[in-house]
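Written out below as C-alpha cells is the structure these notes cover.
Residue numbers (this note's numbering): 11 to 650.
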C-alpha cells in the first residue's frame, strides 16, 4: 500500500509537470501494487485522455465505477472521453449518471449540453446550458457555448446577448468577439459584425477565420478592395490550407470587376481543393464574363463531375454554349437544370432563346409560355415570345406579347421597335408609327428605325414627313444606298423631279448594282412633265413667265368688269370688231401661249407606278441570354 501511494504521488507530480507518459508509467506501478486504487485508476484515465488514448481512458473509468458508481467526476470524465470519440449518445448517458449523483454539478450540465449540440439537438443543448448557468452564472464558457447553440437555431439576437454575457465576464476572449460577429452577419447587420471582428483581431490578429469573416462582411458592405486585403491577411496566416478563403477572395474580386485576378484566386482554390464544386462554377462564371466561353464550359463540366445537382452550373453552362452557337448542347444543359428546378423562369426563357436559334419556334414558344407562367412580369420573355409567334406568322398573338412587354417595361426601346415592326407587317400604320416614335425617343441614332418610320409615313400618304425620316436615316448612315433611294421616292411623290433624280444618282454612287435606283432614275429621265410641272416646277424662269402670262390672262378676263364700259349687243351698241381686237384676241393669244407647251410636249403626270419604296427585312430586337445579370448588370448578371 505504501508503494502504491508513493507511485501515485510521483505520478501526480509528473502529471502536473505535463510529463504524461512518465506519469502514466508511475500510475501503472501504483496499480501493480494496488489494482483497486480508485485514485490511481482515475488519474491513469485522465493521463490517457490527455494522450488521446480515449478507449483506454474509458476502461480505467469503468474500473473506478465498478467500485464507486456514485462518483460524479468519474462519470463526467467517462462522458468526456466518449465525446472525444464521437460517441455522443453514450456520452450523454454518462453525463446523466453524473447529474443523478450531483444535480448541482454545473460542469456536467455544461458538457451534456455540448454533446447535445454536437448531435444538432440545439434546443435541448440550450436547456442544459440554462441549467448550468443557474448553478454558475460566472462561467464565460457556458454563456459562449449557449450562444453558439442559439446561433444554430437562428435565434441571432438571443445569441448576441449570450455572447455579450461571456464577453462581460472575459472581455479579452478573442473567440467570443469573433463568434459574436457571426449572428450580426446572419442578421445582415454588417457594420456591427465588422466591429466585433475588429475587436477580435485587436486581441488576436493571428486567426485566419476572423480575417476571412471580416472579408465576407466588407464584401457585403461593397468595400471589395478592403475585403481582398482581409482575405490576403488570412492567407498570410494559412496560405495553402483554406480553399474557401481563396474562393471568397475570388468572389470579392469578381464583384470589384477585377476578373483576371478573380480567375487566379478561383484557380488557387481548386488547386488546393480540386473537389470544390462552387469554386469551379465561380471560375466558369468569371471566364464567361471575360468572354472565354470554351474555358468556362470546361470549368462548369468540372463542377458537374463533382456534383451533378448544381442547377446553377447546368444553367451557366447552357448560357456559355449558346454564346458559342452550340444551341443543341445548350438546350440539353437547360433541360438538366430544369430537371433540378423546373420553376426557374430564367432557365425556361434562355431555353426558348436557344430553340429560337435552332428555328424550333413551336418548342421555343412552349418554353417562353412556361417562363411567363412562372414569372408573369418577365418582360424579356414576353418580348421573345412575340419573336417566336412572329416567325410562326401568328401576328395578332405576337402583337399581344409585345404589348405586354411594353406594359411591363415601357423604357425598354427594343420592345417598342418589335411592336412597330409587326404592326407595319399587318398594315396597322398608325399603331406602327406610334410604336416606332416611342422607340426613336430612346434610340435616335438608329438609322434603320428612321427608315422604318419613313416607310410607315409613306404608306399613310404623309410624304413630306416621310422625306424627313428618310433624310435622317441617310444622315446617320450616309453610305446606305437604300436610304438615298427612299428619299428619292419621297421627293418624286412630292413632284420634286430634279431633287429625286439627284437622290437616285447618290444611291447609284453608293451602290452601282442597285437596280431599283437605276430603273427609277431612267423612268424619271424618260418621263415627260405635266403642263403644270413644265411651267411652274422645273424652271424658275419659266415659272416667272408663266406667272406673268397667267396674271395677264386674269387681268384681261376681269377687265370688262372694271373698265366702266360694258360690251353690249344690239341696241346697246356692241362693236364686234373692237371687242375682238381689244379683248378676245389678247385672251386667245395668252391662252395659246400657256397651252402650246402641253400640246407640243404632251406628257404624263410625274408620278409613275413603276417606282416603289424599298424596305429592309423587319429588324427585330435580338434575342439575348440572361445571366442574372445582367447580370445588368450583370456586372452580367450570372447564378451561383
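Glycine included, C-beta positions come from ideal geometry on N, C-alpha and C. All figures in this text were calculated on a predicted structure; none of them were measured in a lab.
| Check | Outcome |
| --- | --- |
| Three-state secondary structure (DSSP) of residue 564 | helix |
| Own chain residues within Cβ distance below 8 Å of residue 180, not counting five before or after | 150 and 186 |
| The region 103-118 in contact with the region 127-137 per 3-pair CB rule at 8 Å | no |
| Rounded C-alpha distance that separates residue 162 from residue 132 | 7 Å |
| For residue 172, the first and last residue of its enclosing alpha helix (DSSP H) | 166-179 |
| Neighbourhood of residue 473 by C-beta distance below 8 Å, restricted to the same chain and skipping five residues each side | 467, 500, 503 and 504 |
| Rounded C-alpha distance that separates residue 393 from residue 196 | 38 Å |
| Residue 655 - DSSP class collapsed to helix/strand/coil | Absent from the structure is residue 655, since the part of the chain shown begins at 11 and ends at 650. |
| Residue 95 (DSSP reduced to helix, strand or coil) | coil |
| Short Cβ contact (7 Å threshold) for residue 371 with residue 402 | yes |
| Span separating the alpha-carbon of residue 316 from that of residue 285 | 6 Å |
| Sequence-distant residues of the same chain with beta carbon closer than 7 Å to residue 297, five excluded per side | 273, 305, 306 and 309 |
| C-alpha distance - residue 580 paired with residue 599, whole-angstrom precision | Low confidence applies to residue 580: its pLDDT is 40, below 50, so where it sits in the model is not reliable, and the reading given next is rough at best. For residue 580 and residue 599, the distance between alpha carbons rounds to 27 Å. |
| Residue interval of the alpha helix (DSSP H) (run including residue 359) | 355-367 |
| Same chain, Cβ closer than 8 Å to residue 257, five either side skipped, listed in chain order | 275, 276, 279, 286, 288, 289 and 292 |
| Beta-carbon spacing of residue 229, residue 253 below 7 Å | no |
| Residues near residue 554 by beta carbon distance below 7 Å, same chain, minus five either side | none |
| Proximity test, Cβ basis, 7 Å: residue 289 and chain B | The chain labelled as chain B is not found in the depicted structure, where only one protein chain is given. |
| Boundaries (first-last residue) of the alpha helix (DSSP H) holding residue 10 | Beyond the ends of the chain as shown, which are 11 and 650, falls residue 10; an answer cannot be given. |
| Residue 462 burial status per 10 Å Cβ neighbour count (16 or more: buried) | buried |
| Endpoints, the alpha helix (DSSP H) within which residue 148 is located | Residue 148 -> no alpha helix (DSSP H), and no H or E assigned at all. |
| Beta-carbon contacts of residue 617 that lie in its chain and below 6 Å, excluding the five residues immediately before and after | For residue 617, the predicted structure reports a pLDDT of 41, less than 50, and the residue's modelled location is therefore unreliable. A value from the coordinates is still provided. There are no such residues. |
| Cut-off 6 Å between Cβ atoms - residues of its own chain near residue 469, not counting five sequence neighbours on either side | 439 |
| Secondary structure of residue 80, DSSP reduced to three states | coil |
| Per-residue burial, residue 488 [other beta carbons within 10 Å of its own, 16 or more giving buried] | exposed |
| Any non-hydrogen atom of the ligand ADP closer than 6 Å to residue 287 Cβ | Absence of the ligand ADP is noted for the structure shown, with no ligands found whatsoever. |
| Spatial neighbours of residue 582 in its chain, beta-carbon cut-off 7 Å, leaving aside the 5 residues before and after | The predicted position of residue 582 is uncertain, since its pLDDT is 41 and thus under 50; a value taken from the coordinates is nonetheless stated next. Result list for residue 582: empty, nothing under 7 Å. |
| Simplified DSSP assignment, three categories, for residue 134 | helix |
| Contact set for residue 364: own chain, Cβ-Cβ below 6 Å, skip 5 residues either direction | 332, 337, 340 and 341 |
| Three-state secondary structure assigned by DSSP to residue 20 | helix |
| Identity of the residue in 207, 166 and 168 nearest residue 183 by Cα | 207 |
| Alpha-carbon spacing of residue 91 relative to residue 69, whole angstroms | 10 Å |
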